[in-house]
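For reference, the structure is listed below as structure tokens.
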Amino acid sequence: MSSVQTYQISELEFAKRHMDWDLDDWKKVLFTDEVRVGLKSSDGRVFIWSRLGKRYRQACMVPQLAFRGGSIMFWSGISLEAREDLVVIRGRSLTSQKCI
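Laid out in structure tokens, this is it:
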């Protein structure tokens with residue numbers, strides 16, 4: 043099972059466990075997430091549209107750099123009544139020690 047499938051299953055289980063919550067319950071919840079953004083390139087996926095037989099033309103190619111320019115990570119959170127500031131995460135990962 044892929045990490046995406048595992049994530050989707052856990053999200054569905056969360057939704058099922060909280061189907062009976064009312065607005066007052068949801069007001070107490072803070073949803074958080076983090077994202078890593080490439081500074082000079084995307085996540086590696088490149089989409090190219092070209093005509094049949096032309097896909098390897100130089101004009102259709104995207105050069106790949108050995109050093110992609112690094113990345114930066116952000117974190118934030120939202121609730122029904124508030125939002126957290128956007129936080130820049132230093133280093134390569136978000137750990138519980140950094141959250142405290």
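Under my numbering, think of the first position of the sequence shown as 43, with each following residue one higher. Glycine included, C-beta positions come from ideal geometry on N, C-alpha and C.
- prompt: Using CA coordinates, which residue listed in I131, S52, F73 is at the minimum distance from I120?
  reply: F73
Just verifying my parser: in three-state terms, what is the DSSP assignment at W68? helix
Looking at the secondary structure, which residues open and close the beta strand (DSSP E) in which E55 lies? E55 -> not in any beta strand (DSSP E); alpha helix (DSSP H) instead, spanning 45 to 59.
#### Entry: Alpha-carbon to alpha-carbon, S113 and E55
Roughly 32 Å separates the two Cα atoms.
| query | Got a sec, what are the start and stop residues for the beta strand (DSSP E) W117 sits in? | reply | 113 to 120
Under 9 Å between C-beta atoms of E53 and W117 = no
Closest to E126 by CA distance: which of I51, D66, V71, Y49 is it? V71
query: Can you tell me whether DSSP reads E76 as helix, strand or coil?
result: strand
ask   = Helix or strand or just coil, what does DSSP make of R132?
value = Secondary structure at R132: coil, using DSSP grouped into helix, strand and coil.
By Cβ distance, which residues of its chain are closer than 8 Å to V79, with the 5 residues on each side in sequence left out? S113, I114, M115, F116
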